[in-house]
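First the structure, in the form of structure tokens, and then the observations on it.
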Amino acid sequence: MTDGPRLRGNASGDGDTLSSESTEEDSGRVALKKEIGLVSACGIIVGNIIGSGIFVSPKGVLENASSVGLALIVWIVTGVITAIGALCYAELGVTIPKSGGDYSYVKDIFGGLAGFLRLWIAVLVIYPTNQAVIALTFSNYILQPLFPSCFPPENGLRLLAAVCLLLLTWVNCSSVRWATRVQDVFTTGKLLALGLIIIMGFVQICKGEYYWLEPAHAFETFQPYDIGQIALSFLQGSFAYGGWNFLNYVTEELVDPYKNLPRAIFISIPLVTFVYVFANIAYVTAMSPQELLASNAVAVTFGEKLLGVMSWIMPISVALSTFGGVNGSLFTSSRLFFAGAREGHLPRLLAMIHVKRCTPIPALLFTCISTLLMLCTSDMYTLINYVGFINYLFYGVTVAGQIVLRIKQPDLNRPIKVSLVWPVIYLLFWAFLLIFSLYSEPVVCGLGMAIMLTGVPVYFLGVYWDNKPQCFNTFIGMETICSRRMCWYHSLFMAVFVGKIVSEPTPLAEKQPHTWSQDALLLA
1 MTDGPRLRGN ASGDGDTLSS ESTEEDSGRV ALKKEIGLVS ACGIIVGNII
51 GSGIFVSPKG VLENASSVGL ALIVWIVTGV ITAIGALCYA ELGVTIPKSG
101 GDYSYVKDIF GGLAGFLRLW IAVLVIYPTN QAVIALTFSN YILQPLFPSC
151 FPPENGLRLL AAVCLLLLTW VNCSSVRWAT RVQDVFTTGK LLALGLIIIM
201 GFVQICKGEY YWLEPAHAFE TFQPYDIGQI ALSFLQGSFA YGGWNFLNYV
251 TEELVDPYKN LPRAIFISIP LVTFVYVFAN IAYVTAMSPQ ELLASNAVAV
301 TFGEKLLGVM SWIMPISVAL STFGGVNGSL FTSSRLFFAG AREGHLPRLL
351 AMIHVKRCTP IPALLFTCIS TLLMLCTSDM YTLINYVGFI NYLFYGVTVA
401 GQIVLRIKQP DLNRPIKVSL VWPVIYLLFW AFLLIFSLYS EPVVCGLGMA
451 IMLTGVPVYF LGVYWDNKPQ CFNTFIGMET ICSRRMCWYH SLFMAVFVGK
501 IVSEPTPLAE KQPHTWSQDA LLLA
């Protein structure tokens, strides 16, 4: 049994200083393995951005842009802005080389409370609801062919979604390599499906089917232009690129992060922008704007029009895309919770790593359980609307932190240093969308803020308050030991399942007192 990995960075939560300590493993210590290469890094970004939206409902941008031409401009502009935001995150990612992404950056730059609120809203709502919705979309496209004349039963959808979550959690607990291979395969699958759509679009153009792409017709409006709706189309376009920052959550597991983090961003964001723009071009070669807006599953309708007997490829592609999306979200969100626990913002159990597999099993199980609980509720779509604004809010706060860090610590080592023009451009666009969101939906944004602010008393009671009663600390210690035992039995079950034998934890692991330099003690 090893002593656990050393603490990376500043765990005090005061945000005053940053550590430039290396993320390499010390001899004889357990840490997250560096197993994510450039291809898998690209797979994480592309796989998390491209979910079911581009297949199912890319019509939100078109509906609010009021014309095909303006909708395509929106897709291009939001792709460029996303690339700028990712460039800013690349600098932060190699300057603060810790897993946890924007949570780690906000905490180190603005202090513990700001970081905790980012973590709180992610733990409470964002990741459980998003993962539940993606899993339900997967189960819907799998079961729909079995119920051609009606909707699949609700309980069947939730049960299959739960099976999907449990299977992928098991894969992620077993091996980082398995999880990244699953991500690579399913990302490749969704890119091939979108490539087929794009190729069919080019075939249509070669046949002369480009009426809605001609300049004279591309800007024909099917409803009057409205500045408010145009702003909303930019907001929805920005949401469609959500997931571009997920690679920053797993920085410590990247092979050579100083090179592969920026390279993956420079490859993935332009690729996704290209795919989004040309997939939408392909759609309008086969459907009029009115047909596109009337369709509940655009790619399926596109396939029925152009692929004939091979139209089944599209619903299968959506299912594969969502399956890979669930895997990518589980992989990255568990690292966020792991990072939060390591900094003392979540129960320390979640900072534990399996000694042999080097996977954060407790964090993965926590992520899975919280998502399964969300599957049991009927209000998850409403919750997503409430916190979508908060999620976007923290993108801007993080990029603003890049400027603050330049001022506070100008001499800090920055392997990548971008011009401050880029964060300023991003923040101007971000402020425009944020102000419009507050103006157009003040109640939804207000409720999202209220949900986030429920984390303030939790932070002061659970994190900031040092002199807690001894009985409370004893209870937490017992809870950690019991939970650790549960995780060990889960580990034993997995080992038996794959035909391996695992030994009981050593007495040293049971008796050794916890310190933050030993925050990942433990699962034998």
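Numbering of the sequence shown is given in UniProt numbering, commencing with residue 1 and proceeding in unit increments.
Don't be surprised by glycine CBs; every beta carbon is placed ideally from N, CA and C.
Any idea what DSSP makes of Ala509, helix, strand or coil?
At Ala509, the pLDDT of 35 sits below 50, so the modelled position is not reliable; the number obtained from the coordinates is stated separately. Looking at Ala509 - three-state DSSP - the assignment turns out to be helix.
Burial state of Glu21, where buried means 16 or more other Cβ atoms lie within 10 Å:
Its pLDDT being 35, under 50, Glu21 is placed unreliably by the model, and the measurement read from it follows with that caveat. It counts as exposed.
Of the residues Thr137, Gly93, Lys259, the one placed nearest Leu38, counting alpha carbons only
For Leu38, the closest C-alpha among the options Thr137, Gly93, Lys259 is that of Lys259.
Between the alpha carbons of Pro410 and Thr95, how many angstroms are there, rounded?
If I take the Cα positions, the gap works out to 12 Å.
What is the DSSP secondary structure of residue 545, counted as helix, strand or coil?
Residue 545 is absent from the model: the chain starts at 1 and stops at 524.
Where do the N-terminal and C-terminal ends of the alpha helix (DSSP H) with Tyr141 fall, by residue?
Unbroken alpha helix (DSSP H) run through Tyr141: 127-143.
Any idea which residues DSSP pairs Ile36 with across the strands?
Answer is Leu254, bridged to Ile36.
Once you ignore the five residues that flank Leu157 on each side, which residues in its own chain have a CB closer than 7 Å to its CB?
Excluding positions up to five away in sequence, the list reads Leu136, Ser139, Asn140, Leu143.
Ile197 and Ala299 look like a contact to me (Cβ under 8 Å); what is the Cβ gap, rounded to whole Å?
Confirmed, Cβ separation roughly 7 Å.
CB-CB under 7 Å to Leu168, same chain, minus the five flanking residues each way: which ones, in chain order?
Result list for Leu168: Val326, Asn327, Leu330, in chain order.
For Gln409, three-class secondary structure by DSSP:
Reduced to three states, the DSSP call for Gln409 is coil.
Considering only residues of the region 414-456, which uninterrupted alpha helix (DSSP H) runs meet the minimum length of 4 residues and lie entirely inside it, listed in chain order?
Those alpha helix (DSSP H) runs which fall completely within the region 414-456 and span 4+ residues are 421-440, 442-453.
Neighbourhood of Val255 by C-beta distance below 6 Å, restricted to the same chain and skipping five residues each side
The residues are Lys34, Gly37.
Spatial neighbours of Phe278 within its chain, please: C-beta separation below 8 Å, excluding the five flanking residues on both sides.
Spatial neighbours of Phe278 in its own chain (CB-CB distance under 8 Å, excluding positions within 5 residues in sequence) are listed in chain order as Ile198, Gly201.
Are the Cβ atoms of Ser99 and Tyr249 separated by less than 9 Å?
For Ser99 and Tyr249, yes; Cβs fall inside 9 Å.
For Cys173 and Val163, I'd like the C-alpha separation in whole angstroms.
Cys173 and Val163: Cα-Cα distance of roughly 15 Å.
Compare the Cα-Cα distances from Phe110 to each of Gln470, Gln402, Val443, Leu434 and report the closest residue.
The residue with the shortest Cα to Cα distance from Phe110 is Gln402.
Contact check, Met449 vs Trp120 under 8 Å by CB: the rounded distance?
The pair is not a contact, with the Cβ atoms about 12 Å apart (cut-off 8 Å).
Let's see if you can read the secondary structure: which residues bound the alpha helix (DSSP H) around Glu214?
Unbroken run through Glu214: none, as it is neither H nor E.
Of the residues Phe302, Ser175, Pro224, which one's Cα is nearest the Cα of Lys356?
Checked all of Phe302, Ser175, Pro224; the closest Cα to Lys356 is Ser175.
Report yes if the C-beta distance between residue 529 and Leu32 is below 9 Å; otherwise report no.
The requested residue 529 is not part of the displayed model; the chain covers only 1 to 524.
Rounded to whole angstroms, how far is the Cβ of Asn64 from the Cβ of Ser233, which I believe are closer than 8 Å?
Going by Cβ atoms, the distance from Asn64 to Ser233 rounds to 4 Å, so yes, they are a contact pair.
Counting pairs of Cβ atoms below 8 Å between the region 225-243 and the region 425-443, do you hit three or more?
Cβ pair count under 8 Å is three or more, so yes.
Of all the options Glu209, Val463, Val456, Gly462, which has the alpha carbon lying nearest to the alpha carbon of Leu117?
Cα-wise, what sits closest to Leu117 is Val456.
Would Ala161 and Leu375 qualify as a contact pair, given that the criterion is a beta-carbon distance under 9 Å?
Their beta carbons are under 9 Å apart, which means Ala161 touches Leu375 by this criterion.
Which class does Tyr395 belong to by DSSP, given the choice of helix, strand or coil?
Here Tyr395 carries a helix assignment [DSSP, helix/strand/coil].
Buried or exposed: which applies to Leu306, given that a residue is buried once 16 or more other Cβ atoms fall within 10 Å of its Cβ?
Its Cβ being crowded by 16 or more others within 10 Å, Leu306 is buried.
Cα separation between Leu159 and Ala319?
For the pair Leu159 and Ala319, the Cα-to-Cα distance works out to about 16 Å.
Go through its chain and collect everything with a Cβ distance to Val185's Cβ below 8 Å, but skip five positions before and after it.
Cβ neighbours of Val185 beyond the five flanking positions: Gly324.
Residue interval of the alpha helix (DSSP H) (run including Tyr249):
Segment: none, Tyr249 is in no alpha helix (DSSP H) and carries neither H nor E.
First and last residue of the uninterrupted alpha helix (DSSP H) at Cys368:
From DSSP, the alpha helix (DSSP H) with Cys368 extends over 361-375.
Could you pull the start and end residues of the alpha helix (DSSP H) that Glu209 belongs to?
No alpha helix (DSSP H) contains Glu209, which DSSP labels as neither H nor E.
Secondary structure at Ser175, three-state DSSP: helix, strand or coil?
Ser175 falls in the coil class under three-state DSSP.
Okay, do the region 144-154 and the region 122-129 touch, 3+ Cβ pairs below 8 Å being the bar?
No, they do not touch.
Between Tyr225 and the rest of its own chain, which residues show a CB-CB distance below 6 Å, the 5 nearest in sequence each way excluded?
In its chain, beyond the 5 residues on either side, Ser66 have a beta carbon closer than 6 Å to the beta carbon of Tyr225.
Top-ranked residue by Cα proximity to Gly93, from Trp244, Ser288, Phe219
Selected option, being the one with the closest Cα: Trp244.
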